[in-house]
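Input: a single structure, listed below in structure tokens.
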């Protein structure tokens, strides 16, 4: 049975497998009782395919084969059992019996001796003394038990230091002193640790011996941790290719080890001379680190191996807690051992991580069964797999892996691409006969992978197609996790997961922990890849795979599918659901294994860029198997380069010289001088414009305390370029086409900011993107830090253009129009995090933030400078971090472009302990990581209050300094049935957050910072992106608008009459100031009761209530595009292809929106001062101050219909402990 299947069998079996196992086991038992040996053997063999670790049934299979006279097959079954329990005396006895039947007397005697010696088996002793054995062999065997062992054991005993001997089996003394010759099957030395050494956290073991030419290159060290020696607890020992062999290893938690068994090799005739077996206790972490470090210096490891073993820091961090613990257990040992040499295979750090977080228990599988039963929707999946001459073992393994799924609603669709190996059809037909969910088709001609995959897909009937290669594996919970995420995101059209690689021996390594979908990274490599899942109608709509793109056919499929769906319909699952097989010629071994695949990828990307109309081209990348993008069209967009400086003339001159070296065109440079006082600097600044005449330099004075944000904002206000480049004075430009790259990328409408790859002078990486939530403040920090810029790093990501949440302002390009729209840099952030805040605001506009490795500069920031460590600087940074947390809330805690499986305390993509996104069976809530990418243009502004994010009716509104009546507005709408309020705060200064604090805690209000202009439409789309699945209806109104269902008892009751509408437009009723110069003290709805006449044009404005499942986008503050019908309050359809925000007024039918446009004269003036939320801050559009007099004059119609809800409003305010009357901010008291 393949080792991989053995490892898979450790997982709890699916219900289908459990049933099949029980059936075949029962059939075998019944046949055995009826003495039907061959029939019993067949049944047991079928059972063992499902449960390959069942020692007892392997033994029974051997018995049945032996009884049937099939001695070779019996021997195979016994030997398979022997691998599970090498010292089982009954099994050894059975092997002796088998050899006896085969008339192999010497081998029979050897097994009987071993059974008698290891287990004191009386039957074995009886056999050895029987007359069947020749007298000479019988005497030899008996004496071997008595005398010969003692001689071999004496040789071993003399070589021991710090460890004691239990026995030495399968040896006889050699020709010279100290030499041991192996006499037969499985020679072994059993050892016991003395208590004093065993009490240490780690044991150092050294074995030195001289070998002969017949000794194999590898031995095994078995550990007895309480269950005897078995195939699970062992360490492989590589012997050096030298006559004198020294093997050194470290063993974790020796307290948990009852005995150690060294099996030098297998086979007869080989011999070795044992010099010593030494044990040494390691009791401190420093001693351990020194030991490991010495070993590393002594042995020069190849690059692939040294890059995959744990670092010294990882070893120290991982093992220190165990050195501080008292008694260590076997569980501790399993966690510790992967950190210790020898690191036999790549990924031992990952193996340790998997041990902790990646292996579900039986209880976990039971929980999965419960969750499957409780699912609201059970999507059906179709595995689609092309097959061509797959090695039979690998084909069997992938079939078993798919059939082992614990989620039952699936089918397996396979196309055989005219395989020439007849075994392929035999295997597939066998599975199809065993399970009706297996569907196969054999193609008549070989068409390669694209056409073959399409043939398999034509068999599919499921909701989603799951792509699997014919030699890879999926874990048994893969479909369960997929179904769970699809229940969270039912409109997902593409789903992809993390992946790792798996060796031929079943060891997992090299995990790719991905982020949410990153479109620009996709232009470098296929970040989606495996596991790839596609909504079947989407797959069929694009025509499936394309011929001619073989090798990158799935790459091309994704790109074409992505063009037809919204980004929020591409979901990432941050868990490994696919094991990519490492076989020769596979790109799982090396990305450059398939040249034709690389060329196909560039063709697919190029076609995609052309279809999108993006001014980019796909070209050869800077890492094996990857691509890059070129900006083929040169633009002359004007660029203003802003360089703050204070003294440091040498740095500034190097910077300017590097810019001039590349002959830039259509630029200006604004040097912002922040109080330089050195004579050389002042002289330099006075003449710098003449020194670099071609650079169009101005020097701007920015006196006062250093404030990075204020200095750059000052210069930006004076800049004339269409693009702003913020550049540190301690940088030097290395890339000649740096400005052309920025111009080309910012010509793409949805790109808002472009950052650069910055290097230290030693060519290591200083910056390539910022990740939110990093390091102690959990605000933001860099990744790729200190990596070799000429190397590849984590999946070559610093060599490819990519989207990030933020980039550093040490070199940052942005369109001036966008910079002004988001209010520039935040002056509250004088030094730290101002670039992060700027980027987050840009992301909130729906723009991408890119980091481009082709824009490369040297940044002379000191590599060893450290952080802000003085008390003053530390306090300042703490304050800025606190400010950022106040604005951005929990959104800083997780970055959509960084995996929750990676550490937020290290820049090198180290594993997170623990991961920040639990498995679905471990999760107490249903909230996925933002790395799932379910939120369009994420990350966005967010409120820490997120309770109750689902229900029937919510309100979304934008506000700025409207605290005065907000509590009544909330209470009123609560009284008519609104459950929750999502309030986007557009730079309020009236302390509204404190006024709403209790409502935020209760989950009634989410207050979302929204510091952008224009911001209203963007806020509405943001709300929809986040909550389209949580709410049935949402009203999009302002804080001076009260929905008045005067003809019903509640708004909910009124909405129930609109079953087939996707949106309902409700007209205004506009009220005047009612003679109030200052805000009245009572309820607003009782204080303003006169309105404009019925046919007044202002009443034609509408606001809209939208069915959220049908939301498409906002046209403006008043009107929306939806997937369905927009109707008025009469149910008559409205043409949504036009902006229906202003219509011909109609008489109201049971509902209107009371619009308190002016309220008191004081409030009107405040309204004028704060501007318009749906206009840019630079807009010349303002409210007409004369409207207050017009409304005072014309609003004469009495209308108190809304007062029917006054008492209900008061009741809600009382229940929520809200103060009555207008609420003034502290600044107005």
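In our numbering, the protein residues as written are 146 to 1374. Glycine included, C-beta positions come from ideal geometry on N, C-alpha and C. Keep in mind it's a predicted model, so treat the numbers as computed, not measured.
Integer-rounded CB distance, given that residue j should sit under 8 Å from residue i
i, j, result
"residue 958", "residue 887", "4 Å"
"residue 1029", "residue 898", "The Cβ separation is near 17 Å, so there is no contact."
"residue 880", "residue 973", "Between residue 973 and residue 880 the Cβ distance is about 34 Å, and since that is not below 8 Å, they are no contact."
"residue 550", "residue 637", "With a Cβ gap of about 19 Å, residue 550 and residue 637 do not count as contacting."
"residue 944", "residue 767", "4 Å"
"residue 1299", "residue 1131", "With 8 Å as the limit, residue 1299 and residue 1131 do not qualify as a contact, their Cβ atoms being about 23 Å apart."
"residue 979", "residue 854", "5 Å"
"residue 1022", "residue 977", "5 Å"
"residue 1237", "residue 1342", "7 Å"
Beta-ladder partner(s) of residue i, from DSSP
i, result
"residue 1343", "1235"
"residue 391", "353"
"residue 926", "916"
"residue 418", "324, 355"
"residue 958", "870, 899"
"residue 1215", "1300"
"residue 933", "909"
"residue 1256", "1267"
"residue 1278", "1272"
"residue 371", "The partner list for residue 371 (beta bridge, DSSP) is empty, contrary to what the question assumes."
"residue 597", "None, per the DSSP bridge assignment."
"residue 383", "363"
Candidates the options: closest to residue i by CA position
i, options, result
"residue 362", "353, 302, 653, 382", "382"
"residue 1345", "1257, 1216, 1271", "1216"
"residue 564", "1145, 536, 847", "536"
"residue 315", "408, 230, 304", "408"
"residue 244", "590, 332, 992, 214", "214"
"residue 967", "956, 990, 949, 948", "990"
"residue 1292", "1239, 212, 1307, 1247", "1239"
"residue 169", "188, 874, 628, 918", "188"
"residue 605", "639, 530, 666", "530"
"residue 1352", "202, 540, 1118, 485", "1118"
"residue 875", "465, 1364, 795", "795"
"residue 1274", "798, 640, 457, 1245", "1245"
"residue 791", "845, 753, 754", "845"
Distance, residue j Cα to residue i Cα
i, j, result
"residue 182", "residue 461", "57 Å"
"residue 1372", "residue 1135", "Low confidence applies here, because residue 1372 scores a pLDDT of 37, under 50, leaving its location unreliable and the question unanswered by this model."
"residue 581", "residue 556", "8 Å"
"residue 1355", "residue 1231", "12 Å"
"residue 164", "residue 511", "16 Å"
"residue 850", "residue 839", "32 Å"
"residue 927", "residue 1047", "13 Å"
"residue 1362", "residue 1368", "14 Å"
"residue 386", "residue 1016", "58 Å"
"residue 318", "residue 417", "10 Å"
"residue 951", "residue 769", "27 Å"
"residue 1053", "residue 348", "30 Å"
"residue 890", "residue 962", "15 Å"
"residue 344", "residue 601", "59 Å"
"residue 819", "residue 848", "5 Å"
"residue 127", "residue 589", "The first residue shown for the chain is 146 and the last is 1374, placing residue 127 beyond what the model contains."
"residue 522", "residue 552", "12 Å"
"residue 1150", "residue 603", "49 Å"
"residue 1035", "residue 994", "20 Å"
"residue 486", "residue 1170", "49 Å"
Runs of beta strand (DSSP E) lying entirely within the segment 966-995, each at least 3 residues, in chain order: With a minimum length of 3 residues, no continuous beta strand (DSSP E) run stays inside the segment 966-995.
Sequence ranges, beta strand (DSSP E) only - wholly within the segment 1138-1175, length at least 3: Listed in chain order, they are 1150-1154.
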